[in-house]
Structure formats: structure tokens, C-alpha cells
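In full-length UniProt numbering, the protein residues as written are 1 to 602.
Data first, discussion second: the structure below is written as C-alpha cells.
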Amino acid sequence: MGNGRIPEELVEKIRQSSDVVDVISDYVQLKKQGKQYIGLCPFHGEKSPSFSVSQDKQLYHCFGCGASGNVFSFLMNHDNLTFVESVRHLAKRSEIELPKEVTSIEERTSIPHSEMMAGHEMASRLYHHILTLSEEGKIGLDYAKGRGFTKQQIEHFKIGFVPNRWDTLVTIFKKRNFNLPEMQKAGLLGQRDSDQQYYDRFRDRLMFPIWNHQGKVIAFSGRSIGDEKPKYLNSSDTPIFHKGQVLYAFHLARPAIRKSNAAVLFEGAVDVIAAWGAGVNQGIATLGTALTEEQAKSIRRNAEVVTICYDSDKAGVEAAVRAASILENAGCMVKVAVMPEGNDPDDFIKKFGAERFKNDVIGASLTLMAFKMRFLRKGKNLNHESERMLYIEEVLTEIATLSKAIERDHYLRQLSEEFQLSLEALKQEQYRIFREKKKQSTFQRNDHQQPKEAKRSFEKKRLLPAFQNAERLLLSHMMRSEDIAERVRERIGGQFNLDEHHAISAYLYAYYGEGFEPDPSAFVQRISDESIKRLASEIAMLSVDEESSDQVIEDYIKQIENYPKWVEIHNKQLNLKQEHDPIMFAKLQMEIIQMKKELQSL
């Protein structure tokens, strides 16, 4: 099983203690639909949910991309964990103690990049300790208090401080036998060219840990407390940290985001921390870069509504427009919180307090269209005819992108009333723009994407042959019932017509042979071949009537037994078309008729 020193029975205990719906709900917003739970697939981009999770079977399957598995494989695929790491993660989550001999040193050396993770965890604890409990950190604590950070904020976001020394981290890493070249790759240390000595990359800064979605520290953002440039120094991309994939404080905000089905997107960590202090708990932020499609998809999997709360300067407004477009494409309903000129969220909260921020900024968010109209007005003199006409044309272009007729009508009436224009004329012009854009997008799609779209359409429509469906449904029944599995074993053994199905049946017979009870998730866990494991998960998730009669099972078995005979008939029919000898032709024809009669009588 490749699970290191963790005993098999303990792995099974951890699996049984980790409900697949609860675990996946930490990453994906799931809604109950009949017996299953559905949500947006975390493994590919989609706007309509095709990701299904079964509490009964303790398995998941995406009908869009085919991702399948149990609670371990979900974590392995989603968080890029090894099997051992996924077991450890779930053990911690279920408060199950692992054997003492499974030490952190072994973990650091046996799991890829785990020493980098351990180094960041060590650094985070050290920085936080220095800030909150040491004399050396007093200057940092005074600065943090001066910036308005409370004790609660410092604790919740694990803010730390690193003194103005070259070897704060180097010293502790040496004491704990960390691999210094690995710590350099992790972005925590640098190395001098002159004497090859290692030194701390962060010095004299207030330190903000950056976590992955599991809540493990993978990077830092350091804020200078003096005049040192840059004001903010962020970790560079490393094997464990990619700016475009991570959102600041996402794991802390996720419970509030999922509860409210809404997130608030800020530009930086300090705004998230200030907003949390003001009672806005759904705050997350990008890390010094523009919002990426990957980040937007991650947000959409957890919330439908996103409020963008960026700075009020020109750069902030333009960034909000770009982020809104990406979020809309990911399927989010977007609102924009407008800050008063010259303020960022942190400034506003300090000046006007928490209640006004919640009510007058977040609570008074504009719809995206209203925000775009305000944005398009900026810098235009609407008393000037040409600028006014340009503004109206730009607004109509935006209205043409709205999918709901009621929204289009609302903003067209607004334009009509403001500029005393005929509503009918505005509707005609908006429809002209809509037709023009549709024609353009159709042309581009035909020009560039037709083969891919055609292929996707074909793949969706492709139906499985009857024998293949019969094999899949029979295997699904076999995973739920040892009696059915035994009946199939006696009749056809492993003589399934597809090699993959033959392999699954062999694994299943072995599973029952070892004395295990029917349990699709436990069975899938024992399959070593990843492609077979994935197919077995998919088959286990098929919807079948568990009270199926003996006759239904018998029909499946017969379809499987008879398929080779139909193949033989098909081959004879091909030979018949090429046969020129009338005696051989008649003989083949009689054989085909006889074989068909036998099959139909069965």
C-alpha cells in the first residue's frame, strides 16, 4: 500500500472516521440532491455542477472530467499530497494519534517538499514568538499596535516579527538539522557569493504568514517597519508556493464564505486583517498580483457572490474591472464596494470605524453594471455631445453582455431617463451591438475552436455499447453484494469482455476472498493501479437499484456471455459480403441464421 510505517488497520480506521462529504465540503460547496451531494468540480473549470459525492459509498465522481476516488485520493489529487500525507492530514483532522515512530524527521525526508513546509512552519512559529513574547520583538509589537492591529488580530492571523539580524532563521535551522540549501530553495534564506554563507531573506519586518488551502504556511509577506524598500517583500514562487494559485487567508475565511455563500475580495493582507477586525469574516486577497482564472475558480467553488473591495485610486478601479470580468467568466455574481476617493479599506476602517465600513462600503456595494457605468463616466464631460455619445455607446456595449432581459431593461430605462433618449432607439442600438458581437464571437469560434468543440460534443453524445453498460452495472452490483459477486464468479469468473473490467473483477474477488465486507470506498482503496482505481470509483458511483431482481442480474450476465457470439456473427457477416462462391455463401448465411436463433432463444 505504500503507507510507510502507518499500520493498515489504522489507515482503515482513519478512512472510516473521515466522512467524504465533510472533507470535500472544506473545498467545494456541496448541495444535497436526492441521495447524492453535488457541486462544481475542483479538478476542472465549469459553471454547472457535474461533481457528485456519495455519502453511502464514500466516493466522489465528476461526470465532466472523470475524476473519481475516495477521501484519500481526493486530497492526493486536490492538494498534490502523497498517500502518507493524506493519511496524516485526515488523522489530524479526526484527532487520531499516529504511532510515535512516525517522526517529523522521517516525514521531512520521505515526502517531497515536506522539509520546505516544515521550514515555513518553524519560521512562522519563531516570528510569532518573537513579536508576542520577546524583548527583541517589542519594536515590532509597538509598530503593529501603531498600525491598529489588536491582540486578537495578531493571534488570529499569526502575525510575527523578524529582527534586523542576518541569522535569526539560519541559527535555528542549524540547531534543528534543517537542510540549508533546501531552505534557500524555499525562499527563506539567501546565500552570499563572496563566502557562500547563508543569511535570512527577511529582516526587520512585520511578518504575515501565507497559507495553502489546508492551512499550512507556504510563504510570507514581510512589511518593512522602517524606510527599507520595498515596503512589502513577498516570497518568490517556489515548489510549494505559486502566487497565482493561492488566496490570502482563504482557509480562515472559508467557513464564513460557505455559510454566507459570499466572499469579499481585497487587494492585500492588511485589508483582510482590518476587515476581519471590523466583523467582515469572508475576506480573502490576492498576493500582490492580478486575480487569476485559477483563483477565481477556487472562489466560485465556495461562493456564488463575490464583492470586490479594492483601493479607490485609478489602479484599484481598473484592477477591480479586470477582476470582475474574470470572476463573471468563472460563474460568480459580482458586486463592487466603492471606497471614498483616496482611501483603502484599512484607512477607511481606522478613520470611520467598523459599522460604517460594514454598512456604507460592503453593505452599499454596487451591482457590477452600476460600477461599470460609474467607471465609464470618469474623465468624460457629459455636457459635451461627442463625449456623451461615446459614453452611451460604451454603456450599451456593456448592457449587450447582460444575460437577463430584466437587467438590460433596467439600465436601458436609466439611460433613457438620464439623457432624454427614446427607449425604443436605445433598445434597437443595444440589439445591433449584441448581434455584431455574437457574429464576431461565432466567427472566432469557427475559426479557432471548431475541432475541439465538435470533439467535445461527440464525446458527450457517444453512447456505450449494451454489453459494456451491462459489465459496468454488474460490477457496480458486485461491489455492493458479496452474494452477487460470488454468483458472477461461478458463472463467468473473470471473462469480462473489456480488460479493465476483467481487472476490477479480479481485485474484487481477491477483496472478498480476504474476508472483507462490501464497502466500495474500502475496495477502491485496495486497488494499486491508478487508472483501474479511477474506473472502479466511477463504476461504484453508478446509480443502480440495489433491490434488483435475480432476473436483472441474469440478463446482465447473459449480455456479457453472448457478446463474443455477436462479435462472431458480425465477422461472419463481413465475410459474407466478400464471399463469391455460392455454396460457401449459402453455408455462411445458414450459420448466421442458426447463431442468431440460438442467441434469441437465450
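Ideal placement from N, C-alpha and C gives every residue a C-beta, glycine not left out.
Closest Cα partner of Glu121 within the set Trp211, Lys92, Ser416, Ser134: Position 121 of the sequence shown holds residue 121. Of Trp211, Lys92, Ser416, Ser134, the residue nearest in Cα terms is Trp211.
Where Ala249 sits in the DSSP three-state scheme: What you label residue 249 is simply residue 249 of the sequence shown in a count that begins at 1. Residue state for Ala249 is assigned as coil, using DSSP reduced to three classes.
Separation of Ile24 from Gly148, as counted between CA atoms: Taking the first residue of the sequence shown as position 1, residue 148 is located at position 148. Taking the first residue of the sequence shown as position 1, residue 24 is located at position 24. Going by the C-alpha atoms only, they are around 37 Å apart.
Residue range of the unbroken alpha helix (DSSP H) whose run includes Phe161: The sequence position of residue 161 within the sequence shown is 161, counting from 1. No alpha helix (DSSP H) holds Phe161; the beta strand (DSSP E) holding it covers 160–162.
Euclidean distance between Cα positions of Lys229 and Gly222: For the purposes of this step, residue 229 is taken as residue 229 along the sequence shown, with counting starting at 1. For the purposes of this step, residue 222 is taken as residue 222 along the sequence shown, with counting starting at 1. Taking the straight line from one Cα to the other gives about 11 Å.
Distance CB(Arg176)-CB(Gly190) smaller than 9 Å: Walking along the sequence shown from the start, residue 176 turns up at place 176. Walking along the sequence shown from the start, residue 190 turns up at place 190. Cβ distance not < 9 Å, so Arg176 and Gly190 don't count as in contact.
Reduced DSSP category for Pro518 - H, G, I as helix; E, B as strand; rest coil: Taking the sequence shown and counting its residues from 1, the one referred to as residue 518 is at position 518. In this structure, Pro518 counts as coil in the three-state DSSP scheme.
Buried/exposed call for Phe241, threshold 16 Cβ in 10 Å: Residue numbering aside, residue 241 sits at position 241 when the sequence shown is read from its first letter. Buried, by the Cβ-count rule.
For Ala323 and Glu294, the rounded distance between their alpha carbons: Along the sequence shown, one-based indexing puts residue 294 at 294. Along the sequence shown, one-based indexing puts residue 323 at 323. Between Glu294 and Ala323, the C-alpha separation is close to 12 Å.
DSSP-derived helix/strand/coil call for Gln191: Looking up residue 191 in the sequence shown gives position 191. Strand, per DSSP.
Whole runs of the alpha helix (DSSP H) within the segment 398–442, excluding any shorter than 4 residues: 405–419
Residues near Thr150 in its chain [Cβ-Cβ closer than 8 Å; skip 5 each side]: By 1-based counting over the sequence shown, the position of residue 150 is 150. Contacts found: Gly277.
Distance between Glu482 and Tyr512 (C-alpha atoms, nearest Å): Locating residue 512 in the sequence shown gives position 512, counting from the first residue. Locating residue 482 in the sequence shown gives position 482, counting from the first residue. Answer to the nearest angstrom: the Cα atoms are 7 Å apart.
First through last residue of the alpha helix (DSSP H) which encompasses Met541: Against the sequence shown, residue 541 aligns to sequence position 541. For Met541, no alpha helix (DSSP H) segment is defined, and its DSSP state is neither H nor E.
Nearest residue (CA-CA) to residue 628, options Asp204, Ala470, Val270: With the chain represented from 1 up to 602, any question about residue 628 goes unanswered, as that position is not in the structure.
Integer Cβ distance of Ile257 from Ala296, believed to fall under 8 Å: Numbered from its first residue, the sequence shown carries residue 257 at position 257. Numbered from its first residue, the sequence shown carries residue 296 at position 296. So it is not a contact: roughly 14 Å between Cβ atoms.
Beta bridge counterpart(s) of Gly283 as assigned by DSSP: Translated into the one-based positions of the sequence shown, residue 283 becomes position 283. Paired residues: Val264.
Straight-line Cα distance separating Ile433 from Leu426: Looking up residue 426 in the sequence shown gives position 426. Looking up residue 433 in the sequence shown gives position 433. Those two C-alpha atoms are separated by around 11 Å.
Exposed unless 16 or more other CB atoms sit within 10 angstroms - verdict on Arg408: Translated into positions along the sequence shown, residue 408 becomes position 408. Buried, by the Cβ-count rule.
Secondary structure of Phe178, DSSP reduced to three states: Here the question's residue 178 lines up with position 178 in the sequence shown. Correct three-state label for Phe178: coil.
Residue closest to Val280, alpha-carbon to alpha-carbon, out of Ala303, Ser235, Ile362: The sequence position of residue 280 within the sequence shown is 280, counting from 1. When only C-alpha atoms are compared, the closest one is Ile362.
Per-residue DSSP class, three states only, for Asp347: Within the sequence shown, numbered from 1, the residue matching residue 347 stands at position 347. Correct three-state label for Asp347: helix.
Spatial neighbours of Ile593 in its chain, beta-carbon cut-off 8 Å, leaving aside the 5 residues before and after: Taking the first residue of the sequence shown as position 1, residue 593 is located at position 593. Around Ile593: no qualifying Cβ.
7 Å Cβ shell around Lys437 - same chain, five flanking residues per side excluded: One-based indexing of the sequence shown puts residue 437 at position 437. Cβ within range, chain order: Ala400.
Inter-stretch contact at 8 Å, needing at least 3 Cβ pairs: the segment 64–84 / the segment 133–145: Result no; under three Cβ-Cβ pairs closer than 8 Å.
Residue from Ile96, Glu318, Ile6, Gly353 whose Cα sits closest to the Cα of Arg374: Indexing the sequence shown from 1 puts residue 374 at position 374. Nearest C-alpha to Arg374: Glu318.
Contact the segment 259–270 vs the segment 300–311: 3+ CB pairs below 8 Å: yes
Chain-order list of residues whose beta-carbon lies under 8 Å from that of Gln152 (same chain, five-residue window excluded): For the purposes of this step, residue 152 is identified with residue 152 of the sequence shown, where counting begins at 1. Cβ within range, chain order: Gly277.
Neighbour-count burial assignment, Leu423, 16 or more Cβ in a 10 Å radius: Here the question's residue 423 lines up with position 423 in the sequence shown. Exposed: under 16 other Cβ atoms inside 10 Å.
For Lys158 and Arg192, the rounded distance between their alpha carbons: Along the sequence shown, one-based indexing puts residue 192 at 192. Along the sequence shown, one-based indexing puts residue 158 at 158. The straight-line gap from Cα to Cα measures roughly 30 Å.
Length of the line joining the Cα atoms of His251 and Gln414: Here the question's residue 251 lines up with position 251 in the sequence shown. Here the question's residue 414 lines up with position 414 in the sequence shown. Their Cα atoms are separated by approximately 41 Å.
DSSP three-state assignment for Asp26, whether helix, strand or coil: Your numbering for residue 26 matches position 26 in the sequence shown. The answer is coil: DSSP assigns Asp26 none of H, G, I, E or B.
Reference Pro42, options Ser54, Glu12, Lys32, Leu75, closest by Cα: For the purposes of this step, residue 42 is taken as the residue at position 42 of the sequence shown. Selected option, being the one with the closest Cα: Leu75.
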